[in-house]
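Presented below is the structure to which this report refers.
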Amino acid sequence: MGDVLAGIHATWEFESDSVLIRFERGIRAPKLFQALRERRIPHEALESVSLSQGKRGTVVLHAVPRPGADPLMDAAAGQLKESCDPYRLVLPAERETLAEYYADELRTALVPYASKPADRHLVDAPGTPLNFKAYDGRAAFDGRQVTFRWFWTGASSEKWKAGDQTFPVAALSGVEWRSPEVFDGHLRLLRRDADDGSAQADRDPASVVFGLGYGPVHESLPFAAAVLAAVRGGGGASIPLQAVPVAAGRRDPADIAERIRHLGDLHRAGLVTDDEFTAKKAELLAEL
0 MGDVLAGIHA
10 TWEFESDSVL
20 IRFERGIRAP
30 KLFQALRERR
40 IPHEALESVS
50 LSQGKRGTVV
60 LHAVPRPGAD
70 PLMDAAAGQL
80 KESCDPYRLV
90 LPAERETLAE
100 YYADELRTAL
110 VPYASKPADR
120 HLVDAPGTPL
130 NFKAYDGRAA
140 FDGRQVTFRW
150 FWTGASSEKW
160 KAGDQTFPVA
170 ALSGVEWRSP
180 EVFDGHLRLL
190 RRDADDGSAQ
200 ADRDPASVVF
210 GLGYGPVHES
220 LPFAAAVLAA
230 VRGGGGASIP
240 LQAVPVAAGR
250 RDPADIAERI
260 RHLGDLHRAG
270 LVTDDEFTAK
280 KAELLAEL
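Now the structure itself:
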């Protein structure tokens with residue numbers, strides 16, 4: 000192969016052992032496509048290929064990845080809208096014959112074990128560092144550890160008591176991503192040494208919660224995929240298996256003052272004990 004098939008919002012370049020998907024970055028393209036930019040999909044990562052009629056005079060060339068082959072689709076767990084599926088190429092109906100030709104070529108290239116789950120990720124995860132703003136904090140990932148820094152305006156008292164968190168990749172067993180486009184959207188880190196999933200996300204220090212305008216798909220899903228790929232690839236295995244507080248450093252005094260004010264509100268409301276208030280206040284002051 001080696002030819003190019005240009006569709007709506009994406010172009011597929013057919014190579015001898017893979018398909019290089021380049022996503023359009025125009026204003027009408029889904030933001031997830033703009034964030035991904037391009038992806039190389041090895042033939043062995045594909046389970047099936049189909050061509051079907053689309054809407055309003057279009058056809059759709061659709062490749063389905065094998066379970067376990069693509070960290071992005073594993074993290075999405077079937078929650079992506081059809082229009083945001085990076086494996087769908089929408090084409091004008093007049094290109095149907097050409098699309099059928101490439102669909103047949105891809106089917107021929109599928110490996111004999113295409114229907115079986117992959118034993119490793121075959122598609123690269125989004126690059127790091129990555130970060131995004133959730134409703135109750137900011138999440139950051141540098142390839143070796145995930146950091147959550149809580150916002151005083153959104154974080155629950157449980158998260159404030161726990162403090163900002165850092166989780167080495169080696170301490171994690173997986174990631175749970177629930178789309179911000181549905182109720183109770185969140186990103187939860189699944190830890191090896193904890194009974195994850197029992198606490199509500201807004202009370203779990205290993206989770207950040209989404210909301211209107213917070214944790215959008217094009218930011219939080221690539222983040223989740225990158226963490227999942229690092230966990231499955233064994234990244235950071237030399238780091239101790241525990242979640243540890245974020246190292247203290249010099250912070251904006253105004254930010255510290257706001258956080259102490261919020262801590263005082265929690266204390267007056269009876270949500271924080273005297274000892275917890277004193278200890279946390281001293282911790283915040285030490286960051287100045």
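Each residue of the sequence shown is one higher than the one before, starting from 0 at the first, in our numbering. Here a beta-carbon is modelled for each residue, glycine too, at the ideal position from N, C-alpha and C.
Residue pairing by DSSP places K132 opposite R137 in a beta bridge. Taking the CA atoms as reference points, R202 sits about 9 Å from V208. Less than 7 Å divides the Cβ of P125 from the Cβ of A224. E218 sits buried, since 16 or more C-beta atoms from the chains shown fall within 10 Å of its C-beta. Judged by their CB atoms, I20 and A9 are nearer to each other than the 7 Å cut-off. T152 carries a coil assignment under DSSP once its states are collapsed to helix, strand and coil. Ranked by how close their Cα comes to the Cα of K280, the residues D84, A205, Q33 and A161 have A161 in first place.
Taking a cut-off of 8 Å for Cβ pairs, the segment 158-178 and the segment 186-193 touch, as three or more such pairs fall below it. When the five nearest sequence neighbours on each side are left out, the beta carbons in the same chain lying within less than 6 Å of the beta carbon of S206 are those of H185, R187 and A200, in order along the chain. Judged by DSSP in its simplified three-state form, R27 adopts coil rather than helix or strand. Under the three-state reduction of DSSP output, A5 falls in the strand class. Per the C-alpha coordinates, the member of V226, I255, P252 and Y101 positioned closest to D73 is V226. Going by DSSP, A62 is part of the beta strand (DSSP E) stretching over T57 to P64.
Between G214 and P252, the C-beta gap is not smaller than 7 Å, which leaves the two residues out of contact.
In this structure, E23 and F32 form a Cβ contact; the two beta carbons are roughly 7 Å apart against a cut-off of 8 Å. Here DSSP, grouped into helix, strand and coil, assigns H185 to strand. Residue pairing from DSSP leaves F222 without any beta-bridge partner.
With a cut-off of 8 Å on Cβ pairs, the segment 39-48 is in contact with the segment 99-109, counting three or more such pairs. The beta-bridge partner set that DSSP reports for L121 is empty.
According to the DSSP assignment, E275 belongs to no beta strand (DSSP E) but to the alpha helix (DSSP H) extending over D273 to A285. If you compare the alpha carbons of A228, D274 and I255 with that of D118, the shortest gap goes to A228. Here the C-alpha atom of W159 lies approximately 20 Å from the C-alpha atom of Q144. The beta-bridge partner set that DSSP reports for P91 consists of T57. Taking a C-beta distance under 7 Å as the contact criterion, L105 and A98 do not qualify as a contact pair. Residue pairing for T107: DSSP places it in no beta bridge. Here V59 is buried: its Cβ has 16 or more other Cβ atoms, across all protein chains shown, within 10 Å.
When DSSP states are grouped into helix, strand and coil, S82 belongs to the helix group. Here the alpha carbon of W149 sits roughly 54 Å from the alpha carbon of T96. Judged by DSSP secondary structure, L71 falls within the alpha helix (DSSP H) whose first and last residues are P70 to A75.
L71 sits buried, since 16 or more C-beta atoms from the chains shown fall within 10 Å of its C-beta.
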